[in-house]
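Undergrad: Numbered per numbering that gives the first Met the number 0, the sequence shown finishes at 318, counting up by one with no gaps.
C-beta atoms are modelled at their ideal positions from N, C-alpha and C, and glycine is treated no differently.
Take this structure first; my questions come after.
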Amino acid sequence: MSLKQPFYISLKPFLDHQVLPRPTPWPQVFGNDRPVEVEIGFGNGEYLARLAQENPLVNYIGFEEYCERISRALRKLSRVAADNVRVMRLDVRPGFMYLFAPRAIRFIHCLFPPPWPKKSDAKHRLWTRGFLRLANNRLADNGAMRIVTDHEPYAEWIEEQVSGSGFDLKRARIPARYGTKFERKWVEGGQKEFDAIVLTKKEHIHVARKEDSPLNHYTIAQFDPDNFQMENFSAGGIAVVFKDFLYDPRRQTAQAHVLVYDEHLLQNVRIVIFKSGDEWRVHLARGSMLMPTPGIARALECVRDAAMKTHKGEGTKGF
């Protein structure tokens, strides 16, 4: 009697974006300097795995935000033993802004992005003129990208965004050909054709790179954890939302848990307030792996301000 061999999912393709250099030297990540292509929203990974199998001399990077889909994609990648793929759980907008240098990508694939058809939800759409300009900057000269959608009004909206983005656009109606979960869903619902948009880079658009924000730590003279109350902050595309607060009297250490939102990048942040000599210090928790964004800097300030308010008239200093 033969025993069935266990199947192991390889985690090698998965990258923690928080520990990657910015911008990321992709030849070092892959161990070669082959051209890089990106799939935005790879879903369950059917298309990404097929691309990797069919094009072993191309390096692929996939962006997806849902853990369940990433798990299914890793299973598919393990079955085909694809060594030329890396995937991340990250919104592609901060991904492109922080992790890619100009002209680093040869081709971008995007199959069936959410169309957000309601007028009130249109602000969530990916392919705005601003993101098209960022994608242009990250594409190599003469690079291109393909967007396929089941929603014709969304295709028309994307066409309206292209002006000033440095792309030539071609749009066509195509039959089902990609075999992804969402394509099968639409086909089973009776849809026979989809809109395919191909954007080819005709001129390079300058986009200023966002530098890492300095993250200051602070010292305050006095702190009373019983009086700690933190208000949420929202302004200028940044939001800091207070979640919970813990205090260990034996160690004289408090921890504030906040959510920080910077222009499509959501980060869980833990900030500690601890006794040091006669003073209290406000720091990121040890081992924090974060993108040093303006939102993280603001979160540190918010926790500092809340800690200072536990004793009126306190001074502070940063270091």
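Between ARG92 and the rest of its own chain, which residues show a CB-CB distance below 8 Å, the 5 nearest in sequence each way excluded?
TA: Taking the sequence shown and counting its residues from 1, one reaches residue 92 at position 93. Same-chain partners within the cutoff: LEU125, PHE130, LEU133, GLU262, HIS263, LEU264.
Undergrad: Tell me ARG280's beta-bridge partners as DSSP assigns them.
TA: Position 281 of the sequence shown, counting from 1, holds the residue named residue 280. Paired residues: THR218, PHE273.
Undergrad: Report all residues from its chain with a CB closer than 7 Å to the CB of PRO291; omit the five preceding and five following residues, and keep chain order.
TA: Numbered from 1 along the sequence shown, position 292 holds the residue referred to as residue 291. Excluding sequence neighbours, PRO291 sits near ASP211, SER212, LEU214.
Undergrad: Does DSSP classify GLN266 as helix, strand or coil?
TA: Locating residue 266 in the sequence shown gives position 267, where the first residue counts as 1. Three-state result, GLN266: strand.
Undergrad: Looking at the unbroken alpha helix (DSSP H) that takes in PRO293, where does it start and where does it end?
TA: On the sequence shown, position 294 is the one that residue 293 refers to. Start and end: 293 to 307.
Undergrad: Looking at GLU63: is its Cβ nearer than 8 Å to the Cβ of VAL86?
TA: Position 64 of the sequence shown, counting from 1, holds the residue named residue 63. Position 87 of the sequence shown, counting from 1, holds the residue named residue 86. In this structure, VAL86 lies closer than 8 Å to GLU63 by Cβ.
Undergrad: Quick check: the stretch 142 to 150 against the stretch 185 to 201, are there 3 or more CB pairs under 8 Å?
TA: Enough Cβ pairs lie closer than 8 Å, so yes.
Undergrad: Given a cut-off of 8 Å on the beta-carbon distance, is the pair SER287 and ARG303 in contact?
TA: Counting from one through the sequence shown, the residue named residue 287 turns up at place 288. Counting from one through the sequence shown, the residue named residue 303 turns up at place 304. No, the Cβ-Cβ distance between SER287 and ARG303 is not below 8 Å.
Undergrad: Given this structure, state the Cα-to-Cα distance separating ALA298 from GLU182, to the nearest angstrom.
TA: Here residue 298 is taken as the residue at index 299 of the sequence shown, counted from 1. Here residue 182 is taken as the residue at index 183 of the sequence shown, counted from 1. Near 41 Å, if we compare the C-alpha coordinates of GLU182 and ALA298.
Undergrad: Grab me the residues of ARG170's own chain with a C-beta within less than 6 Å of its C-beta, minus the 5 sequence neighbours each way, in chain order.
TA: Within the sequence shown, numbered from 1, the residue matching residue 170 stands at position 171. Cβ within range, chain order: ILE196.
Undergrad: With DSSP collapsed to three states, give me the class of ALA207.
TA: Working through the sequence shown from its first residue, we reach residue 207 at position 208. If DSSP states are grouped into helix, strand and coil, ALA207 belongs with coil.
Undergrad: To the nearest whole angstrom, what separates the beta carbons of THR252 and VAL281, a pair I think is in contact under 8 Å?
TA: Within the sequence shown, numbered from 1, the residue matching residue 252 stands at position 253. Within the sequence shown, numbered from 1, the residue matching residue 281 stands at position 282. Their Cβ separation, rounded to whole angstroms, is 11 Å, which puts THR252 and VAL281 out of contact at 8 Å.
Undergrad: Hey, would you say ALA238 sits closer than 8 Å to TYR217, going by beta carbons?
TA: Indexing the sequence shown from 1 puts residue 238 at position 239. Indexing the sequence shown from 1 puts residue 217 at position 218. Cβ atoms of ALA238 and TYR217: not closer than 8 Å.
Undergrad: Does the distance from the CB of LEU138 to the CB of ARG102 come in under 8 Å?
TA: The residue labelled residue 138 in the question sits at position 139 within the sequence shown. The residue labelled residue 102 in the question sits at position 103 within the sequence shown. Yes, Cβ-Cβ distance for LEU138 and ARG102 is below 8 Å.
Undergrad: Taking only runs of the alpha helix (DSSP H) that begin and end inside the stretch 23 to 68, which ones reach a length of at least 4 residues, in chain order?
TA: Within the stretch 23 to 68, the complete alpha helix (DSSP H) runs of at least 4 residues are 25 to 29, 45 to 53.
Undergrad: State the DSSP-derived secondary structure class of GLU155, mapped to helix, strand or coil.
TA: On the sequence shown, residue 155 is found 156 positions in, with the first residue counted as 1. Three-state DSSP puts GLU155 in a helix.
Undergrad: Near ASP167, which residues of its chain fall below 6 Å by C-beta distance, leaving aside the five closest residues on each side in sequence?
TA: Walking along the sequence shown from the start, residue 167 turns up at place 168. Closer than 6 Å at Cβ, skipping near neighbours: THR199, LYS201.
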